[in-house]
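Notes follow once the structure below has been shown.
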Amino acid sequence: MELHTMVQIFAVIHLTTVGLSHIAAHRAWAEFFVLLREKGEAGVFVVAFLSLGFGSVVAAFHPVWSGLPLVLTLFGWTQVLKGLLYLCVPSYGLKKLGLVTLERSRMFIAPGVFMLALAGLVIWSWSS
């Protein structure tokens, strides 16, 4: 099996799990990010590490620049850039965390749907 295919499998597992969680447990995600916000700029680093961890694997081992899998590569790089931004300018990440409240926990549903759609797109690309 080729490395980029293994990364796609990793991404499908990750995106499906986290995506479903964003939908089913959106309030818990809001609580998590509120907790991180309370830690200040150090809490922003946790968000950065989560983005950078996933994004780095995809960016490093999925250099696919054509067809449907290109979307996964681009998403990986956006996660790397988000991690870089939050690590270098934690005040910006803290401002973004300030948007999260328990009352607005449903804001996590749309990203969850996006992750599921991206996972579905990767799976669908296997039949192409």
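Going by this note's numbering, 129 is the number at position 128 of the sequence shown; the sequence numbering is gapless. Note that CB positions come from ideal geometry on N, CA and C, so glycine has one too.
Exercise. The ligand FMN heavy atoms versus the CB of Ala26: any closer than 7 Å?
Worked result: The ligand FMN is not among the ligands present in this structure, which contains no ligands whatsoever.
Exercise. So, are the CB atoms of Thr17 and Ala120 less than 8 Å apart?
Worked result: yes
For this session: Tell me whether Ser106 is buried or exposed, calling it buried when 16 or more other Cβ atoms sit within 10 Å of its Cβ.
Result: buried
Problem set entry | Where Leu69 sits in the DSSP three-state scheme | coil
For this session: Answer with buried or exposed for Ser1, where buried requires no fewer than 16 other C-beta atoms within 10 angstroms of its C-beta.
Result: Residue 1 falls outside the range modelled here, since the chain spans only 2 to 129, and no answer is possible.
Exercise. Using the rule of at least 16 other Cβ atoms within 10 Å of the residue's Cβ for burial, across every protein chain shown, is Phe50 buried or exposed?
Worked result: exposed
For this session: Could you check if Met7 is buried or exposed, using at least 16 other CB atoms within 10 Å of its CB as the buried criterion?
Result: exposed
Exercise. So the alpha helix (DSSP H) Phe33 belongs to, where does it begin and stop?
Worked result: 27–39
For this session: Spatial neighbours of Leu53 within its chain, please: CB distance less than 6 Å, with the 5 preceding and 5 following residues excluded, ordered by chain position.
Result: Gly84
Exercise. By a C-beta neighbour count over all protein chains shown, 10 Å radius and 16 as the cutoff for buried, is Leu103 buried or exposed?
Worked result: exposed
Problem set entry | With 16 other Cβ atoms within 10 Å as the buried cut-off, status of Ala43 | exposed
Exercise. Hey, quick one: how far does the alpha helix (DSSP H) through Met116 stretch, first residue to last?
Worked result: 110–126
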